[in-house]
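Residue numbers (UniProt numbering): 1 to 259. Idealized CB from N, CA, C, for every residue including glycine.
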Amino acid sequence: MDFEDSFASAPVRYALDDIDSDEEVETCAQNEKVTIETQLNLEDNTQWTLVFGLDGPGNVYLNSLQDVSTVSVGTVTRSLEPEKQVKASILQLADKKTLLVPFSSEVQQEEASKYTRSILDKLVGKIDKVIVLDSFTAVGYTSEVWGSDLNPPFLRVLQTSIAPKMKGLTLYETPNMIKGLSASIVNYCEIHSIACYDLLSLQESIYGKLLITTEILQAYSQGLLELGLNIQFSEQLMKDILISRHRGRVDDSHHRLYL
Numbered sequence: 001m002d003f004e005d006s007f008a009s010a011p012v013r014y015a016l017d018d019i020d021s022d023e024e025v026e027t028c029a030q031n032e033k034v035t036i037e038t039q040l041n042l043e044d045n046t047q048w049t050l051v052f053g054l055d056g057p058g059n060v061y062l063n064s065l066q067d068v069s070t071v072s073v074g075t076v077t078r079s080l081e082p083e084k085q086v087k088a089s090i091l092q093l094a095d096k097k098t099l100l101v102p103f104s105s106e107v108q109q110e111e112a113s114k115y116t117r118s119i120l121d122k123l124v125g126k127i128d129k130v131i132v133l134d135s136f137t138a139v140g141y142t143s144e145v146w147g148s149d150l151n152p153p154f155l156r157v158l159q160t161s162i163a164p165k166m167k168g169l170t171l172y173e174t175p176n177m178i179k180g181l182s183a184s185i186v187n188y189c190e191i192h193s194i195a196c197y198d199l200l201s202l203q204e205s206i207y208g209k210l211l212i213t214t215e216i217l218q219a220y221s222q223g224l225l226e227l228g229l230n231i232q233f234s235e236q237l238m239k240d241i242l243i244s245r246h247r248g249r250v251d252d253s254h255h256r257l258y259l
């Protein structure tokens with residue numbers, strides 16, 4: 001037998017690739033129709049600190065701040081004709097130096113870069129630093145310390161190369177990676193030489209259900225203090241927010257909530 005003879009049929013992998021590519025083309029076609037519009041009304045040329053609260057613990061944290069006065073200065077809207085959906089409100093703190101961007105729902109990974117450019121392009125030359133309230137789970141996480149137990153509050157940070165290192169913040173160890181909107185924001189900031197800190201709080205789960213607890217949010221408080229922001233959350237507001245969304249329940253332990 002001549003082992004150099006080519007086979008008449010293509011390998012099975014190629015056939016599967018054809019199916020995959022059809023799905024990808026359909027997804028890409030829909031993504032091209034999606035537009036993200038950021039409306040922002042800022043009167044001065046302040047160098048802003050942006051704090052993004054991603055869907056989950058980050059969003060809950062920004063929406064449960066205590067003794068904080070804010071005013072709405074903009075919105076982020078996703079449009080896919082004929083529907084329009086406000087994905088985030090942009091809030092200005094009373095200090096007039098900080099903008100909060102809590103996302104009301106998850107951002108699809110394929111659309112993350114559109115959100116990033118839409119928001120940050122509006123503030124070119126006006127950004128002091130960017131902070132992302134992100135989270136991660138223990139599943140698949142690689143720690144530098146072998147056999148170490150991970151218990152909240154547990155915080156790691158992934159930052160751009162231009163951002164000053166903070167002694168009180170431990171770096172997110174390699175080879176762990178971020179993805180989606182947080183990765184898009186960090187990447188944008190790296191390219192445009194903007195100081196950016198992605199604060200990753202360990203998020204617990206039970207039976208596959210992600211939890212939001214006071215300990216998880218406390219990690220954000222610690223990280224924000226290191227970065228010069230003293231904005232604290234209210235545990236009661238946290239409970240009220242989750243209950244009002246009908247997305248979880250309060251269990252027997254007063255400080256644990258399901259998301």
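From residue i to residue j, what distance separates their C-alpha atoms?
i, j, result
"residue 115", "residue 189", "13 Å"
"residue 87", "residue 72", "14 Å"
"residue 83", "residue 171", "40 Å"
"residue 108", "residue 180", "7 Å"
"residue 42", "residue 96", "10 Å"
"residue 62", "residue 233", "8 Å"
"residue 126", "residue 151", "37 Å"
"residue 49", "residue 206", "35 Å"
"residue 243", "residue 216", "17 Å"
"residue 156", "residue 80", "36 Å"
"residue 178", "residue 136", "9 Å"
"residue 158", "residue 213", "22 Å"
"residue 36", "residue 160", "25 Å"
"residue 134", "residue 123", "21 Å"
Can you find the residues in the same chain that come closer than 8 Å, C-beta to C-beta, to residue i, ignoring five residues on each side of it along the sequence?
i, result
"residue 93", "68, 69, 70, 99, 100 and 231"
Using DSSP with H/G/I as helix, E/B as strand and the rest coil, what is residue i?
i, result
"residue 183", "helix"
"residue 73", "strand"
"residue 241", "helix"
"residue 51", "strand"
"residue 213", "strand"
"residue 202", "strand"
"residue 197", "strand"
"residue 221", "helix"
"residue 32", "helix"
"residue 68", "coil"
"residue 191", "helix"
Kindly list the residues whose CB is nearer than 6 Å to the CB of residue i, restricted to its own chain and excluding five residues on each side of it in sequence; keep chain order.
i, result
"residue 51", "100 and 131"
"residue 59", "53, 102 and 103"
"residue 186", "196 and 198"
Would you say the segment 50–62 touches the segment 100–107, given that touching needs at least three Cβ pairs under 8 Å?
-> yes
Determine, using beta-carbon pairs with one atom in the segment 197–207 and one in the segment 156–171, whether at least three such pairs fall under 8 Å.
-> yes
Could you tell me which uninterrupted alpha helix (DSSP H) segments, each at least 4 residues in length, are contained entirely in the segment 92–171, listed from first to last along the chain?
-> 112–120
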